[in-house]
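Numbering (the working numbering), first residue to last: 268 to 330. Everything below concerns the one structure shown next.
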Amino acid sequence: MRIEVDRDRCEGLGMCEAMAHEFFEVDDDEVMHVLDDSPAEEHRQQVFAAVNSCPVLALKLVG
Ligand code: SF4
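The following block contains the structure:
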């Protein structure tokens, strides 16, 4: 599976980081970085929850 980010939508709100800090990090400038965009299958549930937590629908899980 792969994490896709719509950069036009992301506002650096950090909900994704709160749900899965191993995969998402918001820096001091409120820019979100995906730390690992191809998570192992065992992390699907956590990553899925983080993707769904984004209030502006900037995240998508593919595959
Ligand atoms: S929750 Fe959404 S808007 Fe906030 S940092 Fe993550 S992707 Fe960006």
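Even glycine gets a Cβ: it sits at the ideal position worked out from N, Cα and C. None of these values were measured; they are calculated from a predicted model.
Whole angstroms are fine: how far does the CA of residue j sit from the CA of residue i?
{"i": "V298", "j": "H310", "result": "23 Å"}
{"i": "A285", "j": "V314", "result": "11 Å"}
{"i": "F290", "j": "V318", "result": "11 Å"}
{"i": "M268", "j": "A316", "result": "14 Å"}
Using the beta-carbon count (16 or more within 10 Å), is residue i buried or exposed?
{"i": "A307", "result": "exposed"}
{"i": "L326", "result": "buried"}
{"i": "V323", "result": "exposed"}
Please confirm whether residue i and residue j have their CB atoms less than 8 Å apart.
{"i": "C283", "j": "S320", "result": "yes"}
{"i": "D226", "j": "I270", "result": "Lying outside 268 to 330, the shown extent of the chain, residue 226 is not represented and no answer is given."}
Going by C-alpha distance, which of the options is nearest residue i?
{"i": "H288", "options": "L324, K327 and V301", "result": "V301"}
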